[in-house]
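Letter by letter, the sequence shown follows residues 4 to 768 of the working numbering.
For glycine and all other residues, C-beta sits at the position ideal for the given N, C-alpha and C.
Everything on this sheet refers to the single structure shown next.
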Amino acid sequence: MDAQTEPEVPPAPVSEEPFLGPLDIILLAVLIGGAAWYFLKSKKKDTQTSQFKSYSIQPTTVNTMTMAENSFIKKLKSSGRRLVVFYGSQTGTAEEFAGRLAKEGLRYQMKGMVADPEECDMEELLSLKDIDKSLAVFCLATYGEGDPTDNCMEFYDWIQNNDVDFSGLNYAKALDARREHLCGGTHLRRHYNTSRNLVGSGCCWSSEVGLAAVYAAKDRSGSEGKRTVPTEKKFDQTGVTAGRAGLIVLDYVMLRMIVFGLGNKTYEHYNKVGIYVDKRLEELGANRVFELGLGDDDANIEDDFITWKDKFWPAVCDHFGIESSGEEVLMRQYRLLEQPETPTERLYTGEVARLHSLQTQRPPFDAKNPFLAPIKVNRELHKAGGRSCMHIEFDIEGSKMRYEAGDHLAMYPVNDQDLVLRLGKLCNADLDTIFSLINTDTDSSKKHPFPCPTTYRTALTHYLEITALPRTHILKELAEYCSEEKDKEFLRFMCSTNPEGKAKYQQWIQDSCRNIVHVLEDLPSCRPPLDHICELLPRLQPRYYSISSSSKLYPTTVHVTAVLVKYETTTGRVNHGVATTFLSQKHPLDGQPLPRVPIFIRKSQFRLPAKTETPVIMVGPGTGLAPFRGFIQERDFNRKDGKEVGQTILYFGCRKRSEDYIYEEELEDYVERGVMKLRTAFSRDQAHKVYVTHLLEEDMDLLWSVIGENKGHFYICGDAKNMATDVRNILLKVLQTKGNMSESEAIQYIKKMEAQKRYSADVWS
4 MDAQTEPEVP PAPVSEEPFL GPLDIILLAV LIGGAAWYFL KSKKKDTQTS QFKSYSIQPT
64 TVNTMTMAEN SFIKKLKSSG RRLVVFYGSQ TGTAEEFAGR LAKEGLRYQM KGMVADPEEC
124 DMEELLSLKD IDKSLAVFCL ATYGEGDPTD NCMEFYDWIQ NNDVDFSGLN YAKALDARRE
184 HLCGGTHLRR HYNTSRNLVG SGCCWSSEVG LAAVYAAKDR SGSEGKRTVP TEKKFDQTGV
244 TAGRAGLIVL DYVMLRMIVF GLGNKTYEHY NKVGIYVDKR LEELGANRVF ELGLGDDDAN
304 IEDDFITWKD KFWPAVCDHF GIESSGEEVL MRQYRLLEQP ETPTERLYTG EVARLHSLQT
364 QRPPFDAKNP FLAPIKVNRE LHKAGGRSCM HIEFDIEGSK MRYEAGDHLA MYPVNDQDLV
424 LRLGKLCNAD LDTIFSLINT DTDSSKKHPF PCPTTYRTAL THYLEITALP RTHILKELAE
484 YCSEEKDKEF LRFMCSTNPE GKAKYQQWIQ DSCRNIVHVL EDLPSCRPPL DHICELLPRL
544 QPRYYSISSS SKLYPTTVHV TAVLVKYETT TGRVNHGVAT TFLSQKHPLD GQPLPRVPIF
604 IRKSQFRLPA KTETPVIMVG PGTGLAPFRG FIQERDFNRK DGKEVGQTIL YFGCRKRSED
664 YIYEEELEDY VERGVMKLRT AFSRDQAHKV YVTHLLEEDM DLLWSVIGEN KGHFYICGDA
724 KNMATDVRNI LLKVLQTKGN MSESEAIQYI KKMEAQKRYS ADVWS
C-alpha cells in the first residue's frame, strides 16, 4: 500500500465492449494473411530448389593470410598458370602426389601450382573457368571411416551442402524477332525442372513474347563455346508461336576437373571421398576431363598412381590440344641457402609451425601447436615372449585439452639418431650446417618444405620421414647422382612403367622395406647432396593412437597402449617403428625431469551410446582392447554413480595368457564385480588355434539378442584387413540365421546400424 492514499471513489460503470474492434480484426487478418502468403511462397521456393540442401557455408582458413593472399585465382593469373592441384592429405601422400603432378605440368605447357583447400577461398572455383584452358585436379585421401581429411573438411562440406553452379551457364541469350533479353540460366533452371545431371543444363526467358526456352542438352564430349538450340526445344507458354523467338545462343565455359582418390581397400568406405567429390562436381556442372583415379594403399598405391598418371597427361593434352611429347624435366623445387650467421634464437629446433612454440606453450593446442606433455608412467604390459607392449600415461593438466573415451591421441615422434648419423655420413654432410630451402616458385603459399632456417640434424630428426620407402620419383632424381652407369640404369629401370620395372621396384624397395639410408648403402656410387634429399623426402607425420582411458576417471591424464614395432627384412636388416621406438626411450626416472612428447587430441566418432542402459558388445584382440579399456572404465564409473548400465560384453584375444594378456588384472576385476562379461581367446594355448571370431560364432544367440532384439551397439577395434572383415561377415550370418533376414536385408541392417552409430569400427591395416 502507498504511504499516501486518497478517498475511495466508486468506479465508473464500464460498457460491455468486444476485446477487438472491427479495425483490429481487419489488421489482424491482413497480418495473418501476409504471414501465410510468405510461408507458402517460401515453401514453394524450397520445393523448386535442388534436392541438395543449401546452406551459406564459406570455407575459412586457419592462417593469418588476407583474402587477397588466399586467392589462388589471383596467383594463377599473375603467374600465367593454368593448372591448380588441390590436395586433401592426412599423412602427406596426397600432398606428395599433388606436387608431382604440378611439377610434371611443365613438360606439357601446363605450369601448375599446388594448393591446400584449407588455405584457399574455394568459392573461387566458380571463377577458374575464366582462365583460358585451365584445369583443377584434386588428389584426395579418405580418412578413417569414409571421412575427408582435416584440411579438406570445409571444402567437402561446401560442395555437399551448397547447390553451386560450375557449368558456366551464368546467362543465356534469347534472340527474339524484336529484341534480345539476357537472363540468368542458373536461376530460371529451377522453374523448369531441368535435369541437373546433364552437364551445362540451363534455361532462358523472353519476357516480351512470354516464351520460356529450356536448354538442357550438352553432350559428354567436353566441347565448349557457343551452342545453338533449335526452336523445337522451346515451350510456348502464351500461345505465341515458338518459332518467333528464333534461336537460343548460349555461351558457356565449364569448370574442368580431374580427381585422384587415395584409400585403402581393407576399409569399408574405400575411397569414399574421391568418388563422392568426382561425382558431386559433375552433378554441379563441372566437366570431367579424365577418368577418376583410385589408389589402394593396402596394395601398391605408387603403382596405381603411376598407371593412372601415364594416361592422365595424354588425355589432358588431347583435351586442350597441347603437344603431348614434352621432354622430361628434372628440376629442383627449392633452392639451398646456407645461413651460418643465423642467431641461435632464430633457428627452428623441432617446432611444427610457430618458432619457440615448444618453449613458450599457450593454448589452444592442435596439430600445428602441440602440447609438450610429460610422461608420468611408461610400463611394460607383456609378461614374456620377447615382444613389448607399453602402457603410457601423458599428463595434460593445465593444457585445457579435453578428451572422451574413443578419441585419438596424436604424437610427433623423432627419428632414430643412428639413421640420422648414417644418412649424414652417406651424403658427406656436416649435420650442424644452418640452412633454408626456399621455394623457387615465389607465388607458392608454401615457402619451405619444413620450418626454416634450421640445421640438417634437426631436419632429419624432426621434419623428414627418413624411414619411408622411397617412391619412384625419388629414385628417378637419385639416378642423376650415380657415378656408375649400372646404378643409374638400375634406378631408372625401377621407375619405368613396364611390368618388369614395376616388379623390380616391388621386390627391391617394397618387399625388402628399403628406406633412403638402405638405398644409398646398397648403391655406393649414388651420393646426392643432403639438401636435395631434404627436398625429396616426405614430411614426418604425427602418429595416432586410440586413447585407452576415460576422462571421467582420469580427467588430467591420457593413456595409450602401443606395441613396439620391430622386424627383420629380407636384406637381414632390422627395421624399427619410428614412434614406438621413440616412446620406448621415454621413461620417467626418479630425481629427473619427466620426459616430454608433443601431442594433441583428435576427436573421433567412436563413442559409447548416449543412454547408459544400452547394451554394448566390444571386439578388440591385442591392442584393439585400447579404446574399450576407456569404455569399460566409463561404464564402471556410471554404475558406481548410481546409473543403470546395460550389458557390457568384451571379446578379447591374444597369443598366450601367460605372455601377452594385457590389463589382465583390471579385466578380471571388472568381471568379478559384475561390470562386464568377458570372452577370451588365447590362440596358442592349445593345439588348435582359437580366435575371437570363433567365440562370436559360438555366441550367435547372444549377438542377436543384443544387436537385434535390444538395439545394442557393436564395436570393433584392430586389424582391418582380416579380423574386422571376418567379424562383419559373422554379424551378417547372425542376422540371416537368427533374424531370418535375406543377405541383402542383413547388409542393409548393418548399414542402418552404421548410420545410427550403433556399428562402429576403429581399425587399421
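Start-to-end residues for the alpha helix (DSSP H) that takes in residue i
i           : result
residue 641 : 629-643
residue 511 : Counting along the chain, residue 511 falls outside any alpha helix (DSSP H), and DSSP gives it neither H nor E.
residue 430 : Careful: residue 430 lies outside any alpha helix (DSSP H) and carries neither H nor E.
residue 521 : 519-525
residue 765 : Looking at the DSSP string, residue 765 is not in any alpha helix (DSSP H); the run it does join, the beta strand (DSSP E), is 762-767.
residue 674 : 667-675
Three-state secondary structure (DSSP) of residue i
i           : result
residue 179 : Bear in mind that the predicted position of residue 179 carries a pLDDT of just 35, short of 50, making it unreliable; the figure below should be weighed with that in mind. Looking at residue 179 - three-state DSSP - the assignment turns out to be coil, as it is neither helix nor strand.
residue 387 : coil
residue 720 : strand
residue 572 : coil
residue 539 : helix
residue 459 : helix
residue 15  : Unreliable placement is indicated for residue 15, whose pLDDT of 39 sits below 50; the coordinate value is still reported in the next sentence. DSSP places residue 15 in coil when its eight states are reduced to three.
residue 548 : strand
residue 503 : helix
residue 745 : coil
residue 688 : coil
residue 155 : helix
residue 441 : strand
residue 625 : helix
residue 5   : Residue placement at residue 5 cannot be trusted, given a pLDDT of 39 that sits under 50; what the coordinates show is reported in the next sentence. Coil, per DSSP.
Contact under 8 Å by Cβ, residue i with residue j
i           : j           : result
residue 281 : residue 265 : no
residue 573 : residue 499 : no
residue 595 : residue 618 : no
residue 679 : residue 545 : no
residue 105 : residue 128 : no
residue 139 : residue 259 : yes
residue 684 : residue 674 : no
residue 290 : residue 257 : yes
residue 114 : residue 149 : no
residue 363 : residue 422 : no
residue 562 : residue 748 : no
residue 133 : residue 392 : no
Extent of the continuous beta strand (DSSP E) run through residue i
i           : result
residue 657 : 651-657
residue 603 : 599-605
residue 2   : Nothing can be reported for residue 2: it is not among the residues displayed for the chain, which extend from 4 to 768.
residue 341 : 337-341
residue 139 : 138-146
residue 822 : A query on residue 822 cannot be resolved here, the shown segment of the chain reaching from 4 to 768 and no further.
Given residue i as reference, the closest of the options once Cα atoms are compared
i           : options            : result
residue 440 : 144, 452, 355, 511 : 452
residue 701 : 690, 689, 740      : 740
residue 449 : 490, 113, 538, 429 : 538
residue 658 : 466, 388, 640, 433 : 388
residue 559 : 699, 401, 749, 571 : 401
residue 734 : 721, 722, 750, 116 : 750
residue 427 : 523, 482, 378, 417 : 523
residue 435 : 513, 517, 475, 341 : 341
residue 161 : 120, 130, 131      : 120
residue 297 : 285, 288, 279, 289 : 279
residue 632 : 532, 372, 564, 756 : 564
residue 601 : 642, 378, 110, 345 : 378
residue 589 : 607, 479, 416      : 416
residue 768 : 724, 333, 349      : 724
Own chain partners of residue i with C-beta closer than 6 Å, once the 5 adjacent residues on each side are dropped
i           : result
residue 146 : 93, 152
residue 142 : 90, 97, 100, 101, 263
residue 159 : 151
residue 717 : 620, 710, 762
Neighbourhood of residue i by C-beta, 7 Å cutoff - its chain only, sequence neighbours within 5 removed
i           : result
residue 609 : 409, 630, 763, 765
residue 507 : 496, 497
residue 555 : 637, 640
residue 228 : Annotation note: pLDDT 42 at residue 228 (below 50); position unreliable, coordinate value reported separately. Excluding sequence neighbours, residue 228 sits near nothing in its chain.
Residues near residue i by beta carbon distance below 8 Å, same chain, minus five either side
i           : result
residue 687 : 658, 659
residue 485 : 491, 494, 526, 528, 529
residue 116 : 75, 78, 79, 82, 84, 86, 87, 88, 105, 444, 446, 447
residue 55  : Caution applies to residue 55, whose pLDDT of 28 falls short of 50 and renders its modelled position unreliable; the value that the coordinates give is listed next. 163, 164, 165, 166, listed in sequence order.
Any C-beta of chain C under 8 Å from that of residue i
i           : result
residue 411 : The chain labelled as chain C is not found in the depicted structure, where only one protein chain is given.
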